[in-house]
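Asker: Got a structure for you, questions after.
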Amino acid sequence: MRTLGKTGLLINEVGFGGIPIQRITQEGVNIIIDELINTGVNFIDTARGYTVSETYLGVALKNRRNKFYLCTKSMSRNYHDMKKDIDISLSNLQTDYIDLYQFHNVKSTEEYNIIMAEDGAFKALVEAKEAGKVKNIGITSHNLDFLLTIIDDYQFDTIQFAYNILETKAEILFKKAKEHNVGVIVMKPLAGGMISDAKLAMKFVLNNPNVSVVIPGMDSVEQVQENTSVTVGDYSEDELTKIKEIQNEFNENFCRRCGYCLPCTAGIDIPSCFVIEGYYTRYSLQDWAVSRYNSLKFNASNCLECYECESRCPYNLPIVEKLKIVNNIFNKS
Ligand code: SF4
Ligand code: SF4
């Protein structure tokens, strides 16, 4: 068990990520919730944007809501939209209160300033907190530089950020968060499905003492059992070799969503193209991925092959070639 920063919530260090349940049935979710209770998992994270995820959870948690701390998030940035989303989440989740409500995927200081403005979404969450509908407020992002600029005068209770064997840059952020008693929620422990050894992946994340909880996405009882059987502590020689192998295998080809390649000459949100492609090819969330891809203003097909982005990518990714693969996938779907 670990304490989630200043929220004071005492939670199992392995939580539940609610993205993948979009692809299973209500009955499947009910069985997973049974297993979460069996294994002592008491922290559930979902989002307004994960289609049926909130609704499935609401039904599955009926009469056992008090066994879990429930977290969700919204992409809304202004006061009225956030107010509406909070009420929709409460209704979907069939509950009177949400333990943690997060701003979903805040990309930049500009977006943050909109949220914090007089008519911004933060005000709606503060009001919801005063009304007892929301207990704590957090933020999720993929932009490390942005979070590092706000963490020192941070007004929220938690951050949520990607961290895994292939993405370790957030260690400095987590250390600062710990100093400020901000809870650290780790998403993408399997690097968006790139890492197949779940036990090793969880161990790597949880061996960082500044992490409060890791939330692997799960859609089966077997995954719950595997992810919760992790033991933290020193690595064996075998594990150290495996970590090195994973890093060597994917370092040249894995997008860390850091955004240093932006802005794209053609306006393409390059990291989002790669993230969505991962949902399509590795998460079996094809319909959702296609609808998210189609909602992008510019996509991989708009690439002008100017190569400006590649000179800015610190990992030397062959962005143009990778975008061609993304374009092929979504043009066929
Ligand atoms: S090569 Fe394509 S993706 Fe990269 S900056 Fe140019 S237009 Fe954008
Ligand atoms: S392509 Fe490179 S620079 Fe752009 S987000 Fe991915 S890892 Fe970062």
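No gaps in the numbering here: position 183 of the sequence shown is 177 in our numbering, and each next residue is one more.
Ideal placement from N, C-alpha and C gives every residue a C-beta, glycine not left out.
Along the chain, where does the beta strand (DSSP E) containing V178 start, and where does it finish?
Answerer: Where V178 is concerned, the enclosing beta strand (DSSP E) stretches over G177 to M181.
Asker: What residues in its chain sit with their C-beta under 7 Å from that of R59, if we drop five residues either side in the sequence?
Answerer: Excluding positions up to five away in sequence, the list reads T89.
Asker: Drop a sphere of 10 angstroms on the beta-carbon of R306, count the other beta-carbons inside from all chains shown, and report buried for 16 or more, exposed for fewer.
Answerer: With fewer than 16 other Cβ atoms within 10 Å, it is exposed.
Asker: Using a Cβ-based criterion (distance less than 8 Å to any ligand heavy atom), does N296 qualify as near ligand 1?
Answerer: Answer for N296: yes, Cβ within range of ligand 1.
Asker: Nearest to G227 by alpha carbon, out of Y254, S214, V53 and K193?
Answerer: Ranking Y254, S214, V53 and K193 by Cα distance to G227 puts K193 first.
Asker: Is any non-hydrogen atom of ligand 1 found closer than 8 Å to the C-beta of T259, if you look at the structure I gave you?
Answerer: Because some heavy atom of ligand 1 lies under 8 Å away, the Cβ of T259 counts as near it: yes.
Asker: Give the straight-line distance between the Cα atoms of T(-3) and K77, rounded to the nearest whole angstrom.
Answerer: One C-alpha to the other measures close to 28 Å.
Asker: Quick one: does the C-beta of C65 sit closer than 8 Å to a heavy atom of ligand 2?
Answerer: Checking every heavy atom of ligand 2 against the Cβ of C65, none is found closer than 8 Å.
Asker: Along the chain, where does the beta strand (DSSP E) that runs through G12 open and close?
Answerer: Looking at the DSSP string, G12 is not in any beta strand (DSSP E), and its letter there is neither H nor E.
Asker: Check whether the Cβ of L160 lies closer than 8 Å to any heavy atom of ligand 2, and answer yes or no.
Answerer: No, since every heavy atom of ligand 2 falls outside the 8 Å radius drawn around the Cβ of L160.
Asker: So, for L160: in the same chain, excluding its five sequence neighbours on each side, which residues have a beta-carbon less than 6 Å away from its beta-carbon?
Answerer: Excluding positions up to five away in sequence, the list reads A185, F244 and F248.
Asker: My output table needs one value for K326: the three-state DSSP class, helix, strand or coil.
Answerer: If DSSP states are grouped into helix, strand and coil, K326 belongs with the helices.
Asker: Pull up the distance between the alpha-carbon of K0 and that of N322, whole angstroms please.
Answerer: Computed Cα separation, rounded: 46 Å.
Asker: Figure out for me which residue from G126, N310, V215 and K61 has the closest Cα to the Cα of L4.
Answerer: The shortest C-alpha separation from L4 is found at K61.
Asker: When every heavy atom of ligand 2 is checked, does at least one fall within less than 8 Å of the C-beta of Y273?
Answerer: Not under cutoff, so the answer is no.
Asker: Does Y301 pass the burial test, meaning 16 or more other C-beta atoms within 10 Å, or should it be called exposed?
Answerer: It counts as exposed.
Asker: So does I264 have its beta carbon nearer than 8 Å to some heavy atom of ligand 1?
Answerer: Yes, since a heavy atom of ligand 1 falls inside the 8 Å radius drawn around the Cβ of I264.
Asker: Quick one: grab the DSSP three-state call for K56.
Answerer: Looking at K56 - three-state DSSP - the assignment turns out to be coil, as it is neither helix nor strand.
Asker: Would you mind reading off the limits of the beta strand (DSSP E) that contains K67?
Answerer: Element bounds for K67: Y63 to S68.
Asker: Looking at G314 and ligand 1, is the gap between the Cβ and the nearest heavy atom below 8 Å?
Answerer: One detail in the question is off: residue 314 reads as Val in this sequence, not Gly. Indeed, a heavy atom of ligand 1 lies less than 8 Å from the Cβ.
Asker: Does DSSP classify Q217 as helix, strand or coil?
Answerer: Here Q217 sits in helix by DSSP.
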